[in-house]
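If you're matching them up, the sequences are chains A and B in order.
If you read the first sequence in our numbering, its first letter stands for residue 991, the second for the next number, and so on.
If you read the second sequence in our numbering, its first letter stands for residue 991, the second for the next number, and so on.
The beta-carbon is built from N, C-alpha and C at its ideal position, and this holds for glycine as well.
These numbers come from a predicted model, not from an experiment.
Have a look at the structure below before the remarks.
Number of protein chains: 2
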Amino acid sequence: MFMRFLALVAVFVASALPAQAPSDIVAGAPAAEWVAIPADDLLVMDLKPAADGKARRIVIELMPAPFSPRHVANIRTLAAAHWWDGAAINRVQDNYVAQWGDPTGKKPLPANLRAVPASDYVVPFQALPTVAQPRWVWPDAYAKKVLFDRGWPLASDGRSVWPVHCYGMVGVGRDLAPDTGSGAELYAVIGQAPRHLDRNIALVGRVVEGMDYLSSLPRGTAEMGFYRDPGEQVPIASVRIASALPAAQQPRLEYLSTSAPSFARYVTARANRKDSFFVTPAGGLDICNVPVPVRVRKD
Amino acid sequence: MFMRFLALVAVFVASALPAQAPSDIVAGAPAAEWVAIPADDLLVMDLKPAADGKARRIVIELMPAPFSPRHVANIRTLAAAHWWDGAAINRVQDNYVAQWGDPTGKKPLPANLRAVPASDYVVPFQALPTVAQPRWVWPDAYAKKVLFDRGWPLASDGRSVWPVHCYGMVGVGRDLAPDTGSGAELYAVIGQAPRHLDRNIALVGRVVEGMDYLSSLPRGTAEMGFYRDPGEQVPIASVRIASALPAAQQPRLEYLSTSAPSFARYVTARANRKDSFFVTPAGGLDICNVPVPVRVRKD
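Shown next, in the form of structure tokens:
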């Protein structure tokens, strides 16, 4: 009863205060709620500088186990072999994906890449580490349940769990047979979440910096957004795991823990915008309309 | 009983045939299922040619009554006054919107624009024309019900109905007070559907051609994606209602009727992809993951 009374007081106090915008909640989150992203989990892709000479660096956080471990291992192998140096972005399809790899399809792959079966696209729910999840109360058209784990948007049918194709998520291109994706061809989502790809392609990461260098590229005019003329391709200077870069060049990033109280408040505020601009709070939220906050580390 | 038997036969035949991709269903839709978009409902925005001299034309279909009629009337007034000629795209925020209007904020508006209250953001359900709707069986995080009417994605709480902020939808920028949007500042959605804006801003149309000229623009680096330097703004050469253009310059477009059987099949196929690439059909669909097919008229 006392707990319930306290809860009521808390609700009363909250409703008497001016509503916080989601960005205010993120800005006010204590330092302890931010999680540093290890350099060893960051893939750093430097495109050739733009026409104006400006550097274009894209940083991708790789997914942790139990998600896509074999594809992620292949990506580490490819980066260590400098395999993408001189490769290119060769497909940009509007409201869908930007994709990169070897446009010739002829460059030999490192010998030690693993073949990965489609069974890797999902993992048993009990393989997830036990973490406090903000309770997700809104329905989803694609899955029984959606949730976040360690910064990653996930969906589940109750038994299995899988990453979802939100904006900025990075996946493994493949041919028709589901085990044909090595990790050498990667894509990033640049439009409305193509959730029909969930459980049909391996997701391996998400863009945490430099997303606009992918999303603002000219769209290809050939079928599926491929660049018609090889001269339109966007050359990749180098791709490295950040820990292989000199310390001063390693991105120092952190994300707001998705099991922290501030994240739960951020989600609730995004679902019920009452800050000054809003007339009618939505009362709901799509998991892909919740960008997980990422920022440069302050230490 | 006989109907039920026929239905079972139909299901059996359908499952014995190879699954059609959504694009095949659209390509096979009979001519009678396509609806011509009147030139009087198209807003044609020509940007100044790109650095390579190429034309950049964006075509926006304006919403029909009962949606946002006063804002749409204002937009017609602004176009007739050539008000946007010499205006510019001055804000491009990644995964959100591209916005245009008068960057100086000082250009006088035509005298006969109407003030529009927030009550125009929604309309009573019974104001919709009676049209056959494909039954939408998948849940939505933001509304009790989602549906299509005459090519437009809509949501409803059972009493009211309102357009939703899918990719490519065009809305009316405004200040904090809900009645401050005249129609002179417009934006198009270029990322994940910002559905929290539904019922909070007037939607007035959707981009039906040239979307990539908006979505691939460089993102602004000032707050909210505004271009920091006026030199980064993208100048608008002219904006006209298509019927005011010479006949040969009028876009001739048509969309797949959202009350036609082919559209229902297209939706069903998108929700249950079984064409050759797919391993696990989604079994569901988000309304903003259903681009309404638009093409150049064939007559």
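Under the Cβ distance rule, B/Gly1148 does not count among the residues neighbouring chain A, no pair being separated by less than 8 Å. Judged by DSSP secondary structure, A/Arg1196 falls within the beta strand (DSSP E) whose first and last residues are 1193-1199.
Across the set A/Arg1287, A/Gly1161, A/Asn1279, A/Tyr1203, the C-alpha of A/Gly1161 shows the shortest separation from the C-alpha of A/Tyr1111.
A check of alpha carbon separations from A/His1061 across A/Pro1220, A/Ser1109, A/Val1025, A/Gln1239 identifies A/Ser1109 as the nearest. When rounded, the separation of the alpha-carbon atoms in B/Tyr1203 and A/Pro1119 is 44 Å.
Put simply, of A/Ala1040, A/Asp1165, A/Thr1170, A/Pro1028 the residue whose alpha carbon is nearest the alpha carbon of A/Val1049 is A/Pro1028. By the neighbour-count definition (other C-beta atoms within 10 Å, threshold 16), B/His1155 is a buried residue. Distances from the alpha-carbon of B/Ala1055 to those of B/Thr1248, B/Gln1116, B/Phe1253, B/Thr1170 put B/Gln1116 closest. Going by DSSP, B/Asp1042 is part of no alpha helix (DSSP H) at all; its letter is neither H nor E.
Contact annotation for A/Pro1129 against chain B: Trp1128, Pro1129, Asp1130, Ala1131 [CB-CB distance below 9 Å, chain order]. When C-alpha distances from A/Ser1172 are compared across A/Pro1114, A/Ile1065, A/Gly1076, A/Ala1022, the shortest belongs to A/Ile1065.
Between the alpha carbons of B/Ser1146 and B/Asp1188 lies a distance of about 11 Å. About 4 Å separates the beta carbon of A/Leu1032 from that of A/Ala1232, a gap short enough to meet the 8 Å contact definition. Per DSSP, reduced to three states, the secondary structure at B/Ala1026 is strand. Inclusion of B/Asp1030 and A/Met1201 in the CB contact set at 8 Å is not warranted, their separation being larger than that value. Straight through space, the alpha carbons of A/Leu1243 and B/Leu1246 are spaced by roughly 46 Å. In this structure, the beta-carbon distance from B/Met1053 to B/Pro1153 falls below 8 Å.
Between the segment 1214-1228 of chain A and the segment 1071-1084 of chain A, the count of Cβ pairs shorter than 8 Å is three or higher; the stretches touch. Burial check for A/Thr1248: the Cβ neighbour count within 10 Å reaches 16 or more, so the residue is buried. Under the Cβ distance rule, B/Phe1268 counts among the residues neighbouring chain A, one pair being separated by less than 8 Å.
Under DSSP, A/Arg1164 forms no beta bridge with any residue.
Closer than 8 Å to the CB of A/Tyr1256 there is not a single CB belonging to chain B. A/Ser1252 places its beta carbon 8 Å or farther from that of A/Ala1071. Residue burial is scored here from C-beta neighbours: B/Leu1068 has at least 16 other C-beta atoms within 10 angstroms and is therefore classed as buried.
For A/His1061, not one C-beta of chain B is nearer than 8 Å to its own C-beta. Residues of the segment 1210-1237 of chain B with a C-beta less than 8 Å from any C-beta of chain A: none at all. Following the DSSP letters along the chain, one finds A/Arg1066 inside the alpha helix (DSSP H) bounded by residues 1059-1070. Between the alpha carbons of B/Gly1274 and B/Trp1128 lies a distance of about 6 Å. Under the Cβ distance rule, B/Asp1169 does not count among the residues neighbouring chain A, no pair being separated by less than 8 Å. Closest by C-alpha distance to A/Thr1258, out of A/Pro1271, A/Val1179, A/Val1197, is A/Pro1271.
If you draw a straight line from the Cα of A/Pro1281 to the Cα of B/Val1198, it comes to about 27 Å. Residue-level contact by beta carbon holds for B/Ser1206 and chain A, with a gap shorter than 8 Å.
Counting along the chain, A/Ile1015 sits inside the alpha helix (DSSP H) bounded by residues 1012-1018. In the structure shown, B/Tyr1157 falls within a coil segment according to DSSP collapsed to helix, strand and coil. Sorting A/Arg1260, A/Trp1073, A/Ala1040 by C-alpha distance to the C-alpha of B/Pro1208 places A/Ala1040 at the top. Residue state for A/Met1035 is assigned as strand, using DSSP reduced to three classes.
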